[in-house]
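Position one of the sequence shown corresponds to residue 94 (my numbering), numbered consecutively onward. For every residue, glycine included, the Cβ atom is placed at its ideal position computed from N, Cα and C. The structure presented is a predicted model; accordingly, all values stated were derived computationally and were not measured. The structure appears below as structure tokens.
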Amino acid sequence: PIYEDTIDWAQDVFVSGDYAYLANGPSGLAIINISDPTNPGTPVYGDTNRYAYNVFVSGNYAYVADLEEGLAIIDISDPTNPGTPIYRNTTGEAYGVYVNGDYAYVADGPSGLAIIDISDPTNPGTPIYEDTIGGANGVYVNGDYAYVADGLSGLAIIQIRNSPEPPTNILIQDGIEHIYLNWDIPNDNRAPITHYNIYRGETENGSKILIDTSIISEYNDTTAIVNTMYYYVVSAVNSIGESENSTEVS
């Protein structure tokens, strides 16, 4: 073996491009140039507050599971000069992290799986938790599922994407020979909304038929007949399924 010593305990490693990123315990993130693997460079450190246990690199950021501090996000656009960590605290102890799309999935010990929106890495969202009973120590994401190493409980498999929430705050406006609807974009539950279904009926709380779809959060019903009362509901659809219907409007 060829060694490049670090000043603390190397816990985990992720390789991206010409660099190896080590979760290096008390000294945080260690970054080593491995463009020549037979002669690795001197480590550059990105300090974290606690204990860097696990690391995942995506784009210009390294995501570090930092035990009691939760998730530490470090700008590595210049690996020779890593940025100051941005933290999103979790309620447990962060032992593992996996990034998929706009979300970081953190194995958070006694708190189970913590899911954090990192669509803006400089302002990570509030964690959402999926409880596990054994103590989450590691996580891997594939497709719609997170696979969690859960201590004494073994493997915990968690569905991480679901059908959307229903649209809310639907506004309706009568026009000349048309009816215009718009609504707030609902929570997509980590699977992007592909379209909305628009249903219409002629009796309050009665049966309705699908009259059209829309890929944006508005719809102009040009088939409406003048002097006819219509009742509408809207649902949202993603790759997992269809939401419940919205509140009825007329």
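1) Am I right that residue 164 and residue 155 are in contact with their C-beta atoms under 8 Å? What's the rounded C-beta distance?
2) Are there 16 or more other CB atoms within 10 angstroms of the CB of residue 185, so buried, or fewer, so exposed?
3) Going by C-alpha to C-alpha distance, which of 306, 255, 235, 161 sits closest to residue 182?
4) In terms of residues, what are the limits of the beta strand (DSSP E) holding residue 276?
5) Classify residue 152 as helix, strand or coil using the three-state DSSP reduction.
6) Contact criterion: CB-CB distance below 8 Å. Does residue 274 meet it with respect to chain B?
7) How big is the Cα-Cα spacing for residue 109 and residue 263?
8) For the segment 118 to 188, which segments carrying the alpha helix (DSSP H) assignment without a break, of at least 4 residues, lie completely within its bounds, in sequence order?
9) Tell me residue 197's beta-bridge partners as DSSP assigns them.
10) In or out: residue 96 buried (at least 16 other Cβ within 10 Å) or exposed?
11) Does the Cβ-Cβ distance between residue 138 and residue 120 come in under 8 Å?
12) Among residues of its own chain, excluding the 5 on either side of residue 252, which ones have a beta-carbon nearer than 7 Å to its beta-carbon?
13) Is residue 229 closer than 8 Å to residue 206 when the C-beta atoms are compared?
14) Pairing CB atoms from the segment 327 to 341 with CB atoms from the segment 281 to 290, are three or more of them under 8 Å?
15) Taking C-alpha atoms, which residue in 200, 104, 130 lies nearest to residue 112?
16) Measure the Cβ-Cβ separation of residue 149 and residue 106 and say whether it is below 8 Å.
17) Considering only the beta carbon of each residue, do residue 124 and residue 133 sit closer than 8 Å?
18) Determine the direct distance from the alpha carbon of residue 293 to that of residue 302, and round the result to whole angstroms.
19) For residue 295, collect the residues of the same chain with a Cβ closer than 8 Å to its Cβ; drop the 5 residues on either side in sequence, then sort them by chain order.
20) Ordered along the chain, which non-local residues of its own chain (more than five positions away) have a Cβ less than 7 Å from that of residue 244?
In brief:
1) Not confirmed; about 11 Å, so no contact.
2) buried
3) 161
4) 271 to 277
5) coil
6) You won't find chain B in this structure, because it holds only one protein chain.
7) 46 Å
8) none
9) 192, 209
10) exposed
11) yes
12) 237, 238
13) yes
14) yes
15) 130
16) no
17) no
18) 6 Å
19) 321, 322, 323, 324
20) 227, 228, 230
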